[in-house]
Structures are given as structure tokens and as C-alpha cells.
Amino acid sequence: MKIFQLIIIIAAMINTANSQTVKSFYDFSATTLEGQPFDLSSLKGKKVLIVNTASKCGHTPQYAQLEELYIKYADRNFVILGFPANNFMSQEPGDNKQIREFCTLNYGVTFPMMSKISVKGKDIDPLYRWLTSKDENGVMDAPVKWNFQKFMIDENGKLVGMVPPGDLPTCDKIINWIENK
Numbered sequence: 004m005k006i007f008q009l010i011i012i013i014a015a016m017i018n019t020a021n022s023q024t025v026k027s028f029y030d031f032s033a034t035t036l037e038g039q040p041f042d043l044s045s046l047k048g049k050k051v052l053i054v055n056t057a058s059k060c061g062h063t064p065q066y067a068q069l070e071e072l073y074i075k076y077a078d079r080n081f082v083i084l085g086f087p088a089n090n091f092m093s094q095e096p097g098d099n100k101q102i103r104e105f106c107t108l109n110y111g112v113t114f115p116m117m118s119k120i121s122v123k124g125k126d127i128d129p130l131y132r133w134l135t136s137k138d139e140n141g142v143m144d145a146p147v148k149w150n151f152q153k154f155m156i157d158e159n160g161k162l163v164g165m166v167p168p169g170d171l172p173t174c175d176k177i178i179n180w181i182e183n184k
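Under my numbering, the letters of the sequence shown match residues 4 to 184, in that order.
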């Protein structure tokens, strides 16, 4: 009888372990700066570059390179999503309307910008919890170190890499990733 109970317990543990699957990027949603829902599954089949942004940071001029990249590769199933965050030295103090105005007037941003979120800490957004934790994404731990950290999502919704905040959006790692099929 004890062996039978042990077999049932082991079988239940295996079944539980197998049913816990790693989520994909497509399992999440966001809200645009304009307050509209944005289902990330609408990006299936596209390479997506996720960037946490801030308007009062030394890296803020990266908005220009991000826009350049977005325009250059839009016809190659590539998109950029900006996620404003105020986690680092209060460098994104504005509300969503102020962020939209800043991005448009100063950098001509046309890539999708999402509502301001938290990218670390107790109130971390669920998408960023997934992006930054190997337990969640199945690939790597990549805590956000500063504004303009870039995450690369492949056409299947899988995290495939991260580029540090100080590396430009037009760096070889990102360009090679976009251009390689």
C-alpha cells in the first residue's frame, strides 16, 4: 500500500511540474499612453524591442536612434515598444500626456509608447517581471539596471536577448538580430 501511495504522489508531482509552462510575451497586455488596451499577442510574427524609457536621463537621446531603427525596419516585421518608468532617480516625472508631448515634440517618436509603469521593485509590472526573471521567462535573469535597457523578443514571443542601457539601439547586436531571419 505504501509503494502505491508513493507512486501516486510522484505521478502527481510530475504532472504538476509538466503543467507549469513558461509564459510567452504574447500572454501579456499593456496600455498605451492614450489609455487604450494593447494586446501584445497582436505582435505575433514580429521581432519586438522593449525599452524602458525616461525623459530626463543621460540616455534620453536614444529616443532618436530608436525612432530611426523603427522607421528603417518597420517593413521587416519589427516593432519597438517604449515603456516609460520613473524607477531611476525620478527621471520620468511626467504623466502619460506629458510623456507623449515630450517624445513627439523632441524626438518625433512614432513607435508605440505604453503607459508609465514600474520596471523593478515590489510594484514591478508583470511584463517586466517576466522579462527580468529566468524563473518567469525560462531564458535569463536580466534585472533592469537603468533607463533604456533593451529586451529582444523573437517572432514566437520568446525572450532572446538583452542590451544594456548604455549601448545604443543601433548597436551591432540589435542590428544583426533584426537583419538575421
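Quick reminder that beta carbons are idealized off the backbone N, C-alpha and C, glycines included. As the structure is a prediction and not an experimental result, all values here were calculated from the model.
Look at the alpha carbon of residue i and the alpha carbon of residue j, and state the distance between them as a whole number of angstroms.
i      : j      : result
GLY169 : VAL54  : 12 Å
TRP180 : GLU37  : 30 Å
LYS1   : CYS60  : Residue 1 cannot be examined here, being either before or after the span of the chain that is shown, 4 to 184.
PHE154 : PRO172 : 11 Å
LYS148 : ILE127 : 13 Å
ILE156 : CYS106 : 23 Å
LEU162 : LYS50  : 10 Å
LYS123 : VAL112 : 25 Å
GLN65  : PHE151 : 8 Å
LYS75  : LYS26  : 30 Å
GLY141 : MET92  : 30 Å
Could you name the residues that DSSP lists as bridge partners for residue i?
i      : result
THR35  : MET117
PRO87  : THR56
GLY164 : MET155
PHE105 : Looking at the DSSP assignment, PHE105 forms no beta bridge with any residue, so it has no partner.
VAL51  : VAL82 and ILE156
Return the chain-ordered list of same chain residues with a C-beta closer than 7 Å to the C-beta of residue i, the five sequence neighbours on each side being excluded.
i      : result
ASN183 : none
LEU43  : PHE28, TYR29, PHE31, SER32 and ALA33
LYS119 : PRO87, ALA88, ASN89, GLU95, ASN99 and ILE102
SER136 : ASP144
SER121 : ALA88, ASN90, ILE127 and ASP128
Between which two residues does the alpha helix (DSSP H) carrying residue i extend?
i      : result
LYS137 : 137-140
ASP144 : No alpha helix (DSSP H) contains ASP144, which DSSP labels as neither H nor E.
ILE181 : 175-182
LEU69  : 65-76
For the beta strand (DSSP E) holding residue i, just list the boundary residues, first then last.
i      : result
ILE156 : 153-156
ASP42  : 40-42
In chain order, what residues of the same chain have a beta carbon less than 6 Å from the beta carbon of residue i, not counting five sequence neighbours either side?
i      : result
LEU69  : ILE83 and PRO172
TYR131 : VAL122
ARG176 : Before going further, note that residue 176 is Lys rather than Arg in the sequence given. Here the set comprises VAL166.
Excluding the 5 residues flanking residue i on each side, which residues of the same chain have their C-beta closer than 8 Å to its C-beta?
i      : result
THR35  : PHE41, PRO115, MET116, MET117 and SER118
GLU139 : VAL25, LYS26, ARG132 and TRP133
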